[in-house]
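Quick mapping for you: the protein sequence lines, in order, are chains A and B. At position 39 of the first sequence the residue is numbered 39 (the numbering used here), and the sequence of numbers has no breaks. Counting the second sequence from 1 gives a position; the numbering used here is that position plus 143. Note sheet for the following structure.
Number of protein chains: 2
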Amino acid sequence: MSDPTEDQLAALGTAFDTFARRYKLADARRSERPLAELDKAVLLYVADHAGCGPTDVARFLAVPTTTLSSATDRLVKRGLLKRERIEADRRAVALSLSEAGTAYAQGQVETYRQMYMLMLSRLSAEERDRFIAMITKIVYNDD
Amino acid sequence: MSDPTEDQLAALGTAFDTFARRYKLADARRSERPLAELDKAVLLYVADHAGCGPTDVARFLAVPTTTLSSATDRLVKRGLLKRERIEADRRAVALSLSEAGTAYAQGQVETYRQMYMLMLSRLSAEERDRFIAMITKIVYNDD
DNA sequence: TAAGATACAACGAAGTTCGGACTATTCAAT
DNA sequence: ATTGAATAGTCCGAACTTCGTTGTATCTTA
Numbered sequence: 001m002s003d004p005t006e007d008q009l010a011a012l013g014t015a016f017d018t019f020a021r022r023y024k025l026a027d028a029r030r031s032e033r034p035l036a037e038l039d040k041a042v043l044l045y046v047a048d049h050a051g052c053g054p055t056d057v058a059r060f061l062a063v064p065t066t067t068l069s070s071a072t073d074r075l076v077k078r079g080l081l082k083r084e085r086i087e088a089d090r091r092a093v094a095l096s097l098s099e100a101g102t103a104y105a106q107g108q109v110e111t112y113r114q115m116y117m118l119m120l121s122r123l124s125a126e127e128r129d130r131f132i133a134m135i136t137k138i139v140y141n142d143d
Numbered sequence: 144m145s146d147p148t149e150d151q152l153a154a155l156g157t158a159f160d161t162f163a164r165r166y167k168l169a170d171a172r173r174s175e176r177p178l179a180e181l182d183k184a185v186l187l188y189v190a191d192h193a194g195c196g197p198t199d200v201a202r203f204l205a206v207p208t209t210t211l212s213s214a215t216d217r218l219v220k221r222g223l224l225k226r227e228r229i230e231a232d233r234r235a236v237a238l239s240l241s242e243a244g245t246a247y248a249q250g251q252v253e254t255y256r257q258m259y260m261l262m263l264s265r266l267s268a269e270e271r272d273r274f275i276a277m278i279t280k281i282v283y284n285d286d
């Protein structure tokens, strides 16, 4: 298969660039100091992996464990995250969201949902499926 | 036109999520301490807008001017950016890239180019055009 | 020509990242 | 059983970044 043309590459570049600046989504909880980017990522990850350990999260997000420790500290301090020692391995800690953390995560997810909605609404019904299929291919079929 | 389905929204969400983690591109100049995200953005902007002022950049990137001042400071200190008083308005400063800055920017652009290349290479020739058309529609036709 | 708007920079407080050192456990191999 | 190595996490502190406040020229305009 022939290579993409320079025009295509350039077009994709400007599109992504604009994209990134445009869809810099706002925080759920306003008023309070917004969470650090990392903290939000941690929250979202734990939302889908209740009981996981800090190391799991650190590996997934590709940050040093000490950095992740800071993040969980902040989240616990804010009452969004729970840290519990577990029986099976007493060195380990199990992370899970508190009531408030769950609410925050849901708000965040909802915000994303609306953003995606807005994006897809620009495409026709058939285009939507095609677009999703393509971006999925790009994301997952990469060596 | 009917709304996107929940399935579509969910699929797009996971795709983007993975996308963001996967394509966290490395820095051009390794070895030295990597530039802050903001600094890279500034460099890329100035590369395309030689002679612009700090305020322009700040507005474009949506950060406070003081923050941008810090960024230009760092860049100047590293020898990547030049700051020059201009005649027309002596309060103003004209930003432009130094030799090294230009090299850095080019390296960065090249890295992006390769990333886009990798992405598009996953699609067939016709898909590429369609994909670019769609993402462009999404990015630019948004209220 | 004085009052106000502009373009920036200096300073400093508050926060984030992450390497190094340290504690508590668990595992593995005598 | 015992001990030496790996593991899970945390604590500490240095180096950075962000951004509000304050201050300084320099236009602008009434």
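Built from N, CA and C at the ideal position, the CB exists for glycine as well.
- Query: Does any CB atom of chain A fall closer than 9 Å to the CB of D182 of chain B?
  - Reply: Counting from 1 along the second sequence, the entry for residue 182 of chain B is found at position 39. No, D182 of chain B does not count as interfacial toward chain A.
- Message: Can you tell me whether V206 of chain B is helix, strand or coil according to DSSP?
- Response: In the second sequence, residue 206 of chain B corresponds to position 63, counting from 1. Coil, per DSSP.
- Message: For chain A, check one thing: does any of its Cβ atoms lie closer than 9 Å to the Cβ of Y259 of chain B?
- Response: Position 116 of the second sequence, counted from the start, is the residue given in the question as residue 259 of chain B. Yes, Y259 of chain B counts as interfacial toward chain A.
- Message: I'd like to know if I86 of chain A contacts chain B, where contact means its C-beta is closer than 9 Å to some C-beta of that chain.
- Response: Along the first sequence, one-based indexing puts residue 86 of chain A at 86. Using beta-carbon distances, I86 of chain A does not count as an interface residue toward chain B, since no partner is under 9 Å.
- Item | is_contact[A105 of chain A, chain B] using C-beta, thresh 9 Å | For the purposes of this step, residue 105 of chain A is taken as the residue at position 105 of the first sequence. So, not an interface residue.
- Task: Starting from the beta carbon of V282 of chain B, find every residue of chain A whose beta carbon is closer than 7 Å, and list them in chain order.
- Result: To locate residue 282 of chain B, count along the second sequence from 1; it is residue 139. Simply A15, T18, F19, R22.
- Message: List, in chain order, every chain B residue whose beta-carbon is nearer than 8 Å to that of T136 of chain A.
- Response: As a first step, residue 136 of chain A is located in the first sequence; it is residue number 136 there, counting from the start. Result: A154, A158.
- Under three-state DSSP, which class holds R265 of chain B? Residue 265 of chain B sits at position 122 when you count from the first residue of the second sequence. In this structure, R265 of chain B counts as coil in the three-state DSSP scheme.
- Message: With a threshold of 8 Å, are at least 3 pairs of Cβ atoms found where one atom belongs to the segment 118-136 of chain A and the other to the segment 66-84 of chain A?
- Response: no
- Item | Beta-bridge pairing of K280 of chain B - partner residues as DSSP gives them | Here residue 280 of chain B refers to the residue found at position 137 of the second sequence. None; K280 of chain B has no bridge partner.
- Message: Taking 8 Å as the cut-off, does the segment 150-160 of chain B touch the segment 183-202 of chain B (at least 3 CB pairs, one atom from each stretch)?
- Response: Counting Cβ pairs under 8 Å, fewer than three are found: no touch.
- Message: Which residue marks the beginning of the beta strand (DSSP E) containing E175 of chain B, and which one marks its end?
- Response: Against the second sequence, residue 175 of chain B aligns to sequence position 32. Segment: none, E175 of chain B is in no beta strand (DSSP E) and carries neither H nor E.
- What's the call for A163 of chain B, buried or exposed, on a 16-neighbour Cβ count within 10 Å? Within the second sequence, numbered from 1, the residue matching residue 163 of chain B stands at position 20. Exposed, since its Cβ has fewer than 16 Cβ neighbours within 10 Å.
- Message: Report the start-end ranges of each beta strand (DSSP E) in the segment 44-107 of chain A that is 3 residues or longer and not cut off at the edges.
- Response: 81-85, 93-97
- Proximal residues to A36 of chain A (C-beta, below 8 Å), its chain only, five neighbours per side dropped: Taking the first sequence and counting its residues from 1, one reaches residue 36 of chain A at position 36. A71, R74, listed in sequence order.
- Query: Using DSSP with H/G/I as helix, E/B as strand and the rest coil, what is D150 of chain B?
  - Reply: If you number the second sequence from 1, residue 150 of chain B lands on position 7. In the structure shown, D150 of chain B sits in a helix (DSSP, three-state: H, G or I).
- Can you find a C-beta in chain B that's less than 9 Å from the C-beta of A62 of chain A? In the first sequence, the residue the question calls residue 62 of chain A occupies position 62. Yes, its Cβ sits closer than 9 Å to a Cβ of chain B.
- Starting from E127 of chain A, find everything on chain B with Cβ-Cβ shorter than 7 Å and list it in chain order. Along the first sequence, one-based indexing puts residue 127 of chain A at 127. In chain order: M277.
- Item | Assigned exposure category for Q106 of chain A - 16 Cβ within 10 Å defines buried | Along the first sequence, read from residue 1 onward, the residue named residue 106 of chain A stands at position 106. Exposed, because fewer than 16 other Cβ atoms sit within 10 Å of the Cβ of Q106 of chain A.
- Query: chain B beta carbons: is any one of them nearer than 9 Å to that of L80 of chain A?
  - Reply: Indexing the first sequence from 1 puts residue 80 of chain A at position 80. It does not: the Cβ of L80 of chain A has no partner Cβ on chain B nearer than 9 Å.
- Taking Cβ-Cβ distances shorter than 8 Å, what residues in chain A pair up with L266 of chain B? Within the second sequence, residue 266 of chain B is the residue found at index 123, counting from 1. Correct list: M134, K137, I138.
- Under 9 Å between the Cβ atoms of P64 of chain A and V93 of chain A? Along the first sequence, read from residue 1 onward, the residue named residue 64 of chain A stands at position 64. Along the first sequence, read from residue 1 onward, the residue named residue 93 of chain A stands at position 93. Contact flag unset, no.
- Task: Give the secondary structure of Y166 of chain B by DSSP, where H, G and I count as helix, E and B as strand, and everything else as coil.
- Result: Against the second sequence, residue 166 of chain B aligns to sequence position 23. Y166 of chain B falls in the coil class under three-state DSSP.
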